[in-house]
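Reading through the structure tokens given below for one structure.
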Amino acid sequence: MAKHDKKDIGVSTILNPVPVVMVSCAGVNADNEAERPNIMTVAWAGTVNSEPPMLSVSIRKSRHSHKLITETGEFVVNLVSKSLCRACDYCGVKSGADEDKFKACGLTPVKASCLKYAYAVKEAPVSISCTVRNVIELGSHDMFIAEITAVTADSYLLDAQGRLCLDDARLVAYNHGEYFLLGEKTGFFGYSVASEDIIAKRMGKK
Ligand SMILES: Cc1cc2nc3c(=O)[nH]c(=O)nc-3n(C[C@H](O)[C@H](O)[C@H](O)COP(=O)(O)O)c2cc1C
């Protein structure tokens, strides 16, 4: 068989790679055990609009986080660096209904920028504060469509002009059930039509 001869492999959620993120939230009464700050892992996440900046996360109704996010209309998407990968997996297999996952993972909840109730993960390189604008019931999952109301980033990721450089964040992606550290840069937006000079500058080659 030639390499690109095709076989039908059935219908499934095969889109890969996808981001994997740690979604943090809390209920209205964060001091109450049932509403304490929580983290869940989400792979069904994506950017859905530019103006205003919006993203979506798809969450099953059975998740403890679903209840908290529905109650407050707020959550935080925390990007996952290599050092957070194990905690990220843990937050995807244990429920906040049973334990304090911040404590179990040795992570620090901090009040999220521009939100009233939700907490961010201090150890995450980038945290995206989100306000829910719409919820669509799709079947197995409810899709929370949210407006991005603030973004905070570790200062080491900002250049002299204050621009975010994610190259050093050692981010993790999710590919067919496995976590991968992002590696070699192979291009950039528009590089297929960029000049040699720009390519040399952006790709760090002289
Ligand atoms: C890699 C990974 C990705 C996941 N993606 C999702 C997702 O997109 N939506 C979802 O509802 N659950 C997803 N889960 C499962 C939840 O994170 C898991 O059920 C978690 O325990 C829910 O936490 P909670 O009950 O504290 O909210 C994922 C789990 C893992 C490990």
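Residue numbers (this note's numbering): 1027 to 1232. Even for Gly, the Cβ is constructed at its ideal location relative to N, Cα and C. Everything numeric in this text was worked out from a predicted model, so none of it was measured.
| Tell me which same chain residues have a C-beta within less than 7 Å of the C-beta of alanine 1069, skipping the five on either side of it? | Here the question's residue 1069 lines up with position 43 in the sequence shown. So the qualifying residues of the chain are Val1044, Val1046 and Tyr1200.
| Since tyrosine 1217 is in the beta strand (DSSP E), which residue starts that stretch and which ends it? | One-based indexing of the sequence shown puts residue 1217 at position 191. No beta strand (DSSP E) holds tyrosine 1217; DSSP gives it neither H nor E.
| query | How many angstroms separate the CA atom of proline 1151 from the CA atom of alanine 1195? | reply | The residue labelled residue 1151 in the question sits at position 125 within the sequence shown. The residue labelled residue 1195 in the question sits at position 169 within the sequence shown. Proline 1151 and alanine 1195: Cα-Cα distance of roughly 7 Å.
| said: On a Cα-Cα basis, can you pick out the residue from Gly1213, Leu1207, Met1048 and Lys1211 that is closest to phenylalanine 1128? | reply: Taking the sequence shown and counting its residues from 1, one reaches residue 1128 at position 102. Of the listed residues, the one whose Cα sits closest to phenylalanine 1128 is Met1048.
| request: Would you check whether ligand 1 has a heavy atom nearer than 7 Å to the C-beta of lysine 1066? | output: As a working mapping, residue 1066 is identified with position 40 in the sequence shown. At residue 1066 the sequence reads methionine, which differs from the lysine that was named. Yes; taking the cut-off as 7 Å, the Cβ of methionine 1066 has a heavy atom of ligand 1 nearer than that.
| task | Measure the C-alpha to C-alpha separation of threonine 1067 and alanine 1056 and round it to an integer number of angstroms. | result | Mapped onto the sequence shown, residue 1067 falls at position 41. Mapped onto the sequence shown, residue 1056 falls at position 30. Roughly 20 Å separates the two Cα atoms.
| Mind checking whether the beta-carbon of histidine 1090 lies closer than 7 Å to any heavy atom of ligand 1? | Translated into positions along the sequence shown, residue 1090 becomes position 64. Answer for histidine 1090: yes, Cβ within range of ligand 1.
| said: Quick check: the Cα distance between tyrosine 1145 and serine 1084, rounded to an integer number of angstroms? | reply: Numbered from its first residue, the sequence shown carries residue 1145 at position 119. Numbered from its first residue, the sequence shown carries residue 1084 at position 58. If I take the Cα positions, the gap works out to 19 Å.
| query | Looking at the structure shown, is tyrosine 1205 part of a helix, part of a strand, or coil, going by DSSP? | reply | To locate residue 1205, count along the sequence shown from 1; it is residue 179. Three-state DSSP puts tyrosine 1205 in a strand.
| request: Whole angstroms is fine: what's the gap from alanine 1186's alpha carbon to glutamate 1222's? | output: Numbered from 1 along the sequence shown, position 160 holds the residue referred to as residue 1186. Numbered from 1 along the sequence shown, position 196 holds the residue referred to as residue 1222. For alanine 1186 and glutamate 1222, the distance between alpha carbons rounds to 25 Å.
| query | Straight-line CA distance for glycine 999 to glycine 1230? | reply | Because residue 999 is not part of the residues shown, which for the chain are 1027 to 1232, the question remains open.
| field | Cβ-heavy atom distance, histidine 1202 to ligand 1, below 7 Å | value | Working through the sequence shown from its first residue, we reach residue 1202 at position 176. Not so, every heavy atom of ligand 1 lies at least 7 Å from the Cβ.
| If leucine 1192 sits next to leucine 1183, beta carbons under 8 Å apart, how far is it from one beta carbon to the other, in whole angstroms? | Residue numbering aside, residue 1192 sits at position 166 when the sequence shown is read from its first letter. Residue numbering aside, residue 1183 sits at position 157 when the sequence shown is read from its first letter. Right, their Cβ atoms sit about 7 Å apart.
| Which residue or residues does DSSP assign as beta-bridge partners of leucine 1105? | Stepping through the sequence shown from its first residue, residue 1105 is reached at position 79. Paired residues: Val1047.
| said: So, at 7 Å on beta carbons, what are the nonlocal neighbours of glutamate 1059 in its own chain, with the 5 sequence-adjacent residues on each side left out? | reply: Position 33 of the sequence shown holds residue 1059. Once the five neighbours on either side are set aside, glutamate 1059 has no close Cβ partner at all.
| request: Examine the Cβ distances between the stretch 1160–1178 and the stretch 1078–1096 and report whether three or more of them are shorter than 8 Å. | output: yes
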